[in-house]
Structure formats: structure tokens, C-alpha cells
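Trainee: 4 is the number of the first residue of the sequence shown in this note's numbering; add one for each residue after it. This is the structure, below, for whatever I ask next.
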Amino acid sequence: MTLGSFSTTELTRDQLEKVGNAIIYLAERIKPLYKTKLLKLLYLLDEASVKEVGIPMFALEYRAWRMGPVSKEVYVDIDDGPHIFKEHIRVIRDDQGDRVEPAKAFDDGEFSDRDMRLMEGIVASLGRHNARDLVDITHDKESLWYQLAKENDLLEAFEQEQRNTSDVVLDLGRLVADDPFKRGLFAEHQEFLQIHRALRG
């Protein structure tokens, strides 16, 4: 079984609720919360979860874009709407960009105690950092984004701003490639999501 990521065409209902409520949680505690910073925090939560237990918190698909790992589904929804997250958030466009505000109170029903601890930790450690700081963190030379951007000859084009996006998907399984137990959990979780989506389709 490979560690490769699958392509997501839409979020499952569970993903939608969990991601939506995570955005509410972050937006309630980090003010103002703009799109770029939010996108980095979601990625860093999934990365931290995979590193800790082998299973992502949200199981979003992240692509290697110039500003770091980005969930295209979340990016597009904030940029164009919101539509799929309209029950969870409002987007206010101001001179700083797209500011994300909660549309309702946070619901912790989708979150484990571990999830809550990870979110609390991210807010405490990175909540006061600006978006540029978080971009720098995800661009670190040891990061998965950097490794994949380098392997796919994207670094120069990104650095020279010749392109902003790519279709290169970050395989979060590589974060636990040296840990057989976590690697197995990650692969099982990916298989579960594929089966779940196939049954819904």
C-alpha cells in the first residue's frame, strides 16, 4: 500500500463540519484572521496531527503553491464565497485582504481531546505570528513543501514569482515514512477515506 495522497473533489460532511468548526475556533481566538494565515494554520494542524499519531486532523488535500501548502477547496470557498462554509463563517474583504469571521459559535462535537489540545497549542504558539512568519515556517528547507517544490522544479519559478500555484499534492505520509506504526495508520486512514468517498459517489 502506498502513502500517496488521493485527489479530493469535494469534502465529506464530516470533513466539512470539522474544518468549518476549526475555522470558527481559530477565528474566535485570533483576531484579525486573514485567509493566508488561516490556510497555513489548517495545514500546520494536519501536519502536527500526522507527526504525532499518523492520522491527519482534517485530511485535506494540500497543494504546493508559492505561498506554501494550500487546501484548494478552502482557498476557493473563501475567495468566492463562502459557499460550502457559509454556515460556519463570513468573509469580510477589507484593505488587508479576506478577513474570516465566525458565523456561529464553535461546536466541539467533531473533535477529540487530542484535536483540542493541538488546536490550543497552535493558537498559543502561532496565533500572534503574522502570515509571512507562517509562510516562512512552511518554506523551511526541512519542510515537506520545500522538499516537494524542489523535487518538482518549482522553487525557482516560485522565488521569481513566475507562478503562484501548482498541482503538486503534498503527501503527508512522508512525514511518518520512517515510523512503520504511524505510516500504517496513515495508509489505513487514506484507504478509509477513499472507500467512504466511493460509497458516497
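We treat Cβ as the ideally placed atom computed from N, Cα and C, and that holds for glycine.
#1: Would residue 66 be called buried (16 or more neighbouring beta carbons within 10 Å of its own) or exposed?
#2: Could you give the distance in angstroms between the alpha-carbon of residue 172 and the alpha-carbon of residue 64?
#3: As a quick exercise: from 112, 186, 42, 17, pick the residue whose alpha carbon is nearest that of residue 68.
#4: Give me, in chain order, the residues of the same chain whose beta-carbon lies closer than 6 Å to that of residue 23; leave out the 5 immediate sequence neighbours on both sides.
#5: Classify residue 193: buried if its beta carbon has 16 or more other beta carbons within 10 angstroms, exposed otherwise.
#6: Measuring only the C-alpha atoms, how far is residue 186 from residue 175?
#7: Since residue 2 is in the beta strand (DSSP E), which residue starts that stretch and which ends it?
#8: Could you check the C-alpha separation between residue 38 and residue 94 for me, to the nearest Å?
#9: Tell me the DSSP secondary structure of residue 123 in three-state form.
#10: Three-state secondary structure (DSSP) at residue 11?
#11: What's the call for residue 21, buried or exposed, on a 16-neighbour Cβ count within 10 Å?
#12: Can you name, in chain order, every residue of its own chain whose Cβ lies under 7 Å from the Cβ of residue 161, other than the five neighbours on each side?
#13: Determine the burial state of residue 191: buried for a count of at least 16 other Cβ atoms within 10 Å of its Cβ, exposed for fewer.
#14: Quick one: what's residue 37 bridged to in DSSP?
#15: So, with DSSP's three-state summary, where would you put residue 80?
#16: Using 10 angstroms around the beta-carbon of residue 30, count the other beta-carbons present and answer buried if the total reaches 16, otherwise exposed.
#17: Could you check if residue 195 is buried or exposed, using at least 16 other CB atoms within 10 Å of its CB as the buried criterion?
#18: Please confirm whether residue 137 and residue 47 have their CB atoms less than 9 Å apart.
#19: With a CB to CB cut of under 6 Å and the five nearest residues on each side skipped, what residues in its chain are close to residue 2?
#20: Applying the 10 Å Cβ sphere with the 16-neighbour rule, what's the burial state of residue 198?
Mentor: Looking at the coordinates:
#1: buried
#2: About 7 Å.
#3: 42
#4: Counting only residues of its own chain and dropping the five nearest sequence neighbours on each side, residue 23 has a CB closer than 6 Å to the CB of 88, 91.
#5: buried
#6: 10 Å
#7: There is no way to answer for residue 2, as the model of the chain reaches only from 4 to 204.
#8: 9 Å
#9: helix
#10: Summary for residue 11: the model assigns pLDDT 41, below 50, so the residue's position carries little reliability; its value from the coordinates is reported in the next sentence. Correct three-state label for residue 11: coil.
#11: Its Cβ being crowded by 16 or more others within 10 Å, residue 21 is buried.
#12: Counting only Cβ-Cβ distances below 7 Å, and skipping sequence neighbours, we find 69, 152.
#13: exposed
#14: 102
#15: helix
#16: So residue 30 ends up on the buried side.
#17: exposed
#18: yes
#19: Summary: the structure shown does not reach residue 2, with the chain confined to residues 4 through 204, and so no result is reported for it.
#20: exposed
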